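Trainee: Would you mind keeping the following structure in view while I ask a few things?
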Amino acid sequence: MTARIIDGRAFAATVRERVAQHVSLLKQEHGVTPGLAVVLVGEDPASQVYVRSKGKQTVDVGMNSYEHRLAADTTETELLGLIQQLNVDPAVHGILVQLPLPAHLNEALVINAIDAAKDVDGFHISNVGRLATGQKAMVPCTPLGCLMMLREYCGDLSGLNAVVIGRSNIVGKPMAQLLLKDSCTVTVAHSRTRNLPEVLKGADIIVAAVGRPGFVLGEWIKPGATVIDVGINRIEQGDAKARLVGDVDFDSAREIAGAITPVPGGVGPMTIACLLANTVTACCRAHALPEPVGLVA
Ligand code: GUN
């Protein structure tokens, strides 16, 4: 069997189209334009690329984008002051502080200063707790994107065996919570799990987010399983351009799995699309309007 390849670029385009339609409806019927504020502290080159891309995609779907670029030596008091301003600004429905922050800034303190209702990253401690207790929450973008793809490719997830490999706060843990909420039987494995092949034997769904290139082998996968590869590992190749590979050994896995996301072009493109989706959701909730169908967890 050769797996269906889950095209994350095409799926992300579909999500952006849904977002754009909802934005248009919010503008026309309610006179509201969703707004996303992105805060970048310092000049980290990778973060600058991400922030530019987020701003462009925000504008492309018809939303307002507010970019705040602060110097690397910005004090915590200055940054908290800006967050407070954005918290009370009615034109701003989503706030994202790009991570990592310079070392002198306390990341947890900064993230938890964001109004939880505007926390489109889903990193605020109150959103983490709300997701864990099954209350309405803002959900981290990468696991939300994975969930959308799984619902699309597997249909109803109820009763399926899911193994999440990785226990990070940003992907592994929220992914497990989302799969539980959709009534999967969830196992969380990680780099120290003993006998991972045995754990994976019964998995209808595998979400790999462990940060190790080619860690999951095809022979460990249950035939027909759906495999979501969150890993983005750079493999240096001497003078040639670095190659990106996932946490799953794609060539062997595609011969066994029923469907699989490639790297690149799988989960990656979904993350910003889900950030836009979360901004629309936050806007709808702020105005007590119905939530956007197909864009929430
Ligand atoms: N840096 C890299 N990815 C992310 C993300 O998803 N959110 C934030 N805030 N910072 C990041």
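Residues 868 to 1164 in this note's numbering are what the sequence shown lists, from first letter to last.
Ideal Cβ positions, reconstructed from N, Cα and C, are used throughout, including at glycine.
Computed from a prediction, not measured in an experiment: that's the story for all the values here.
Since Thr-1146 is in the alpha helix (DSSP H), which residue starts that stretch and which ends it?
Mentor: Unbroken alpha helix (DSSP H) run through Thr-1146: 1135-1153.
Trainee: May I ask you to report which of helix, strand or coil DSSP gives Arg-1110?
Mentor: In the structure shown, Arg-1110 sits in a strand (DSSP, three-state: E or B).
Trainee: Given 8 angstroms as the limit, is there contact between the region 892-910 and the region 1102-1113, that is, 3 or more CB pairs closer than that?
Mentor: Verdict: no, contact absent.
Trainee: Is Gln-951 helix, strand or coil when you go by DSSP?
Mentor: If DSSP states are grouped into helix, strand and coil, Gln-951 belongs with the helices.
Trainee: With Ile-978 as the anchor, note down where its alpha helix (DSSP H) starts and where it stops.
Mentor: Here the alpha helix (DSSP H) through Ile-978 covers 974-980.
Trainee: Measuring from the CB of Cys-1013, is there a heavy atom of ligand 1 at a distance below 7 angstroms?
Mentor: No, since every heavy atom of ligand 1 falls outside the 7 angstroms radius drawn around the Cβ of Cys-1013.
Trainee: Name the two residues that bound the continuous alpha helix (DSSP H) containing Ala-1009.
Mentor: The sequence given here has Thr at residue 1009, not Ala. Start and end: 1008-1021.
Trainee: I need the straight-line Cα distance from Pro-1131 to Gln-915, nearest angstrom please.
Mentor: Using only the alpha carbons, I get a separation of about 20 angstroms.
Trainee: Who does Gln-1104 pair with in a DSSP beta bridge?
Mentor: Answer by DSSP bridge pairing, in chain order: Ala-1107.
Trainee: Using only the heavy atoms of ligand 1, determine whether one of them is closer than 7 angstroms to the beta carbon of Tyr-933.
Mentor: No - ligand 1 has no heavy atom lying nearer than 7 angstroms to the Cβ of Tyr-933.
Trainee: State yes or no: is the C-beta of Gln-965 nearer than 7 angstroms to some heavy atom of ligand 1?
Mentor: Yes, ligand 1 has a heavy atom inside 7 angstroms of this Cβ.
Trainee: For the alpha helix (DSSP H) containing Leu-1058, list its first residue and its last residue.
Mentor: The residue you asked about is not Leu; residue 1058 is Ser in the sequence shown. Looking at the DSSP string, Ser-1058 is not in any alpha helix (DSSP H), and its letter there is neither H nor E.
Trainee: Excluding the five sequence neighbours on either side, which residues of its own chain have a C-beta within less than 6 angstroms of the C-beta of Asn-821, listed in chain order?
Mentor: Residue coverage of the chain in this structure runs from 868 to 1164, which leaves residue 821 outside it and unanswerable.
Trainee: Using a threshold of 8 angstroms, state whether the C-beta atoms of Asp-1116 and Leu-1084 are closer than that.
Mentor: For Asp-1116 and Leu-1084, yes; Cβs fall inside 8 angstroms.
Trainee: Please list, in chain order, all residues of the same chain as Val-918 whose beta carbon is under 6 angstroms from its beta carbon, the five residues on each side excluded.
Mentor: So the qualifying residues of the chain are Val-905, Leu-907, Gln-965.
Trainee: Nearer than 7 angstroms: is that true of the beta carbon of Tyr-917 relative to any heavy atom of ligand 1?
Mentor: Checking the Cβ of Tyr-917 against ligand 1 gives yes.
Trainee: Label Asp-940 either buried or exposed according to how many other C-beta atoms from any shown protein chain fall within 10 Å of its C-beta, with 16 as the threshold for buried.
Mentor: The residue in question, Asp-940, is exposed, as its Cβ has fewer than 16 Cβ neighbours within 10 Å.
Trainee: For Cys-1008, verify whether its CB is less than 7 angstroms away from any heavy atom of ligand 1.
Mentor: Yes, the Cβ of Cys-1008 comes within 7 angstroms of a heavy atom of ligand 1.
Trainee: Rounded C-beta distance between Leu-972 and Leu-946? I'm assuming under 8 angstroms.
Mentor: That belief holds up - the Cβ atoms of Leu-972 and Leu-946 are roughly 6 angstroms apart, short of 8 angstroms.
Trainee: Do you know how far the Cα of His-1154 is from the Cα of Pro-957?
Mentor: Each residue's Cα considered, the two are about 10 angstroms apart.
Trainee: Return the chain-ordered ranges of every beta strand (DSSP E) run that is complete within the region 890-918 and spans a minimum of 3 residues.
Mentor: Listed in chain order, they are 902-908.
Trainee: Does ligand 1 have even one heavy atom less than 7 angstroms from the beta-carbon of Asp-982?
Mentor: No, since every heavy atom of ligand 1 falls outside the 7 angstroms radius drawn around the Cβ of Asp-982.
Trainee: As a quick exercise: from Cys-1021, Ala-999, Ile-962, pick the residue whose alpha carbon is nearest that of Ala-983.
Mentor: Comparing Cα-Cα distances from Ala-983 to each of Cys-1021, Ala-999, Ile-962, the minimum goes to Ile-962.
Trainee: Could you pull out every residue in the same chain whose Cβ sits closer than 8 angstroms to the Cβ of Leu-1024, ignoring the five residues on either side in sequence?
Mentor: So the qualifying residues of the chain are Leu-1017, Arg-1018, Leu-1046, Asp-1049, Ser-1050, Cys-1051, Ile-1072.
Trainee: Can the beta-carbon of Glu-934 be found closer than 8 angstroms to that of Gly-922?
Mentor: Result yes, Cβ atoms of Glu-934 and Gly-922 sit closer than 8 angstroms.
Trainee: Is Thr-1093 a contact residue of ligand 1, with contact defined as CB to any heavy atom under 7 angstroms?
Mentor: Not so, every heavy atom of ligand 1 lies at least 7 angstroms from the Cβ.
Trainee: Any heavy atom of ligand 1 closer than 7 angstroms to the CB of Asp-1114?
Mentor: Answer for Asp-1114: no, Cβ out of range of ligand 1.
Trainee: Indicate the three-state DSSP secondary structure (helix, strand or coil) for Ile-992 in the structure shown.
Mentor: Ile-992: helix per DSSP, three-state reduction.
Trainee: If I follow the unbroken alpha helix (DSSP H) through Ala-1043, where does it start and stop?
Mentor: Taken as a continuous stretch (DSSP letters only), the alpha helix (DSSP H) holding Ala-1043 covers 1039-1048.
Trainee: Taking contact to mean at least 3 C-beta pairs separated by less than 8 angstroms, is the region 1086-1102 in contact with the region 975-982?
Mentor: The region 1086-1102, when compared against the region 975-982, does not touch it at the 8 angstroms Cβ threshold.
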